[in-house]
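Q:
Residue numbers (the UniProt record's numbering): 1 to 243.
Structure representation (structure tokens):
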């Protein structure tokens with residue numbers, strides 16, 4: 001299972017990375033063994049056809065998130081940044097039927113397309129898309145957890161505007177159970193993360209640097225940044241585990 005990424009200008013690519021992804025995915029999660037292969041292909045293509053930006057997770061990353069959610073025994077997932085629902089579908093694909101995913105999307109068009117993709121996958125009863133800015137929606141969800149109206153989140157995936165990564169992380173943290181993982185995507189940014197000078201002019205780089213530095217000082221979590229290469233790009237993610 002592979003994708004033909006339409007946006008080549010914003011990605012750093014190497015033929016070896018794509019070849020490894022193609023080889024390993026053909027053996028470890030081939031279409032013939034993936035019940036949701038067609039739904040995932042539909043979600044990716046439908047999103048592009050509807051004009052959504054080509055910034056969704058790639059298949060191996062989706063599979064990785066799905067496996068991590070299974071390892072965590074997740075039943076109450078939070079995602080910040082729905083886009084077309086591709087990652088949500090991947091995560092849901094490995095979880096039991098009683099698991100629920102709450103995902104937050106600021107763009108009405110993205111929400112509509114995501115709900116179409118989610119319905120096509122048969123997950124409308126498991127994945128709920130909240131429309132609104134993250135810093136408006138997330139505090140309400142956190143209050144629901146504190147009031148006992150919603151269970152604490154046991155798996156979090158943040159893949160939204162990088163400028164607000166730290167704000168999302170800080171708002172969410174009180175509503176995440178102990179030992180739960182929090183993934184923040186696209187923090188390495190082709191190595192730009194380490195460039196202090198570049199951060200002065202690039203708000204996204206500045207945003208991910210603020211996140212890494214603040215999480216490093218936060219005694220409530222343990223964290224690491226993992227660099228990745230893939231058929232799509234050279235990037236990486238931050239993984240934090242709540243103590």
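The beta-carbon is built from N, C-alpha and C at its ideal position, and this holds for glycine as well. These numbers were taken from a predicted model, which means no experiment stands behind them.
In whole angstroms, what separates the C-alpha of residue 46 from that of residue 216?
A: As a first step, residue 46 is located in the chain shown; it is residue number 46 there, counting from the start. As a first step, residue 216 is located in the chain shown; it is residue number 216 there, counting from the start. The alpha-carbon atoms of residue 46 and residue 216 are separated by roughly 39 Å.
Q: Note down, in chain order, each residue of its chain lying with its Cβ closer than 6 Å to the Cβ of residue 188, except the 5 sequence neighbours on either side.
A: Translated into the one-based positions of the chain shown, residue 188 becomes position 188. Hits under 6 Å: 227, 235 and 236.
Q: By how many angstroms is the C-alpha of residue 193 removed from the C-alpha of residue 199?
A: Position 199 of the chain shown, counted from the first residue, corresponds to residue 199. Position 193 of the chain shown, counted from the first residue, corresponds to residue 193. Distance between the alpha carbons of residue 199 and residue 193: 8 Å.
Q: Pick from 125, 202, 79 and 119: whose alpha carbon is nearest that of residue 156?
A: The count along the chain shown starts at 1 and reaches residue 156 at position 156. Taking only the C-alpha atoms, the option nearest residue 156 is 79.
Q: Are three or more beta carbon pairs between the stretch 73-92 and the stretch 55-65 nearer than 8 Å?
A: Short answer: they touch.
Q: Using alpha carbons as the reference points, say which of 159, 174 and 120 lies closest to residue 143.
A: Position 143 of the chain shown holds residue 143. The shortest Cα separation from residue 143 among 159, 174 and 120 belongs to 174.
Q: Which term fits residue 238, buried or exposed, when burial requires 16 or more other beta carbons within 10 angstroms of its beta carbon?
A: Taking the chain shown and counting its residues from 1, the one referred to as residue 238 is at position 238. It counts as buried.
Q: Tell me the start and end of each unbroken beta strand (DSSP E) in the stretch 48-92 that is at least 3 residues and wholly inside, in chain order.
A: Whole beta strand (DSSP E) segments, 3+ residues: 76-80.
Q: Please report the residue range of the alpha helix (DSSP H) in which residue 207 lies.
A: Within the chain shown, the letter at position 207 stands for residue 207. 203-217 is the extent of the alpha helix (DSSP H) around residue 207.
Q: For residue 103, count the other beta carbons within 10 Å of its own beta carbon; 16 or more makes it buried, fewer makes it exposed. Which is it?
A: Start at 1 with the first residue of the chain shown, and residue 103 comes out as number 103. Counting Cβ neighbours within 10 Å, residue 103 comes out buried, since at least 16 surround it.
Q: State yes or no: is the C-beta of residue 199 nearer than 8 Å to some heavy atom of the ligand GDP?
A: No copy of the ligand GDP occurs in the structure displayed, which carries no ligand at all.
Q: Within the same chain, show all residues whose beta-carbon is closer than 7 Å to that of residue 66, passing over the 5 residues directly before and after it, in chain order.
A: By one-based count along the chain shown, residue 66 stands at place 66. Cβ within range, chain order: 90, 91, 93 and 94.
Q: If we ignore side chains and look at the alpha-carbon of each, how far apart do residue 13 and residue 229 end up?
A: Taking the chain shown and counting its residues from 1, the one referred to as residue 13 is at position 13. Taking the chain shown and counting its residues from 1, the one referred to as residue 229 is at position 229. Taking the straight line joining both Cα atoms gives about 8 Å.
Q: Which residues mark the beginning and the end of the beta strand (DSSP E) in which residue 221 is found?
A: Taking the first residue of the chain shown as position 1, residue 221 is located at position 221. Residue 221 -> beta strand (DSSP E) spans 221-229.
Q: Taking residue 100 as the reference, give the member of 108, 125 and 114 with the closest Cα.
A: Counting from 1 along the chain shown, the entry for residue 100 is found at position 100. With distances taken between Cα atoms, residue 100 lies closest to 125.
Q: State the Cα-Cα distance for the pair residue 69 and residue 185, rounded to the nearest angstrom.
A: Sequence index remark: in the chain shown, residue 69 carries index 69 (1-based). Sequence index remark: in the chain shown, residue 185 carries index 185 (1-based). If I take the Cα positions, the gap works out to 15 Å.
Q: Skipping 5 residues on each side, what residues in its chain have a beta carbon closer than 8 Å to that of residue 122?
A: Against the chain shown, residue 122 aligns to sequence position 122. Counting only Cβ-Cβ distances below 8 Å, and skipping sequence neighbours, we find 39.
Q: For residue 181, which residues does DSSP report across the bridge?
A: Position 181 of the chain shown, counted from the start, is the residue given in the question as residue 181. Answer is 241.
Q: In whole angstroms, what separates the C-alpha of residue 219 from that of residue 139?
A: Residue numbering aside, residue 219 sits at position 219 when the chain shown is read from its first letter. Residue numbering aside, residue 139 sits at position 139 when the chain shown is read from its first letter. The straight-line gap from Cα to Cα measures roughly 22 Å.
Q: CA-CA distance, residue 37 and residue 195?
A: For the purposes of this step, residue 37 is taken as residue 37 along the chain shown, with counting starting at 1. For the purposes of this step, residue 195 is taken as residue 195 along the chain shown, with counting starting at 1. Cα-Cα distance, rounded: 38 Å.
Q: Could you check where the alpha helix (DSSP H) with residue 16 kicks off and where it finishes?
A: Within the chain shown, numbered from 1, the residue matching residue 16 stands at position 16. Run containing residue 16: 15-28, per the alpha helix (DSSP H) assignment.
Q: Among all the DSSP beta bridges, which residues are the ones paired with residue 105?
A: In the chain shown, counting from the first residue as 1, residue 105 sits at position 105. BP columns for residue 105 point to 131.
Q: Sorted by chain position, which residues of the same chain lie with C-beta nearer than 8 Å to residue 84's C-beta, five sequence neighbours on each side aside?
A: Start at 1 with the first residue of the chain shown, and residue 84 comes out as number 84. Closer than 8 Å at the Cβ level, and outside the excluded window around residue 84, lie 43, 44, 46, 47, 50, 52, 56, 110, 113, 114 and 117.
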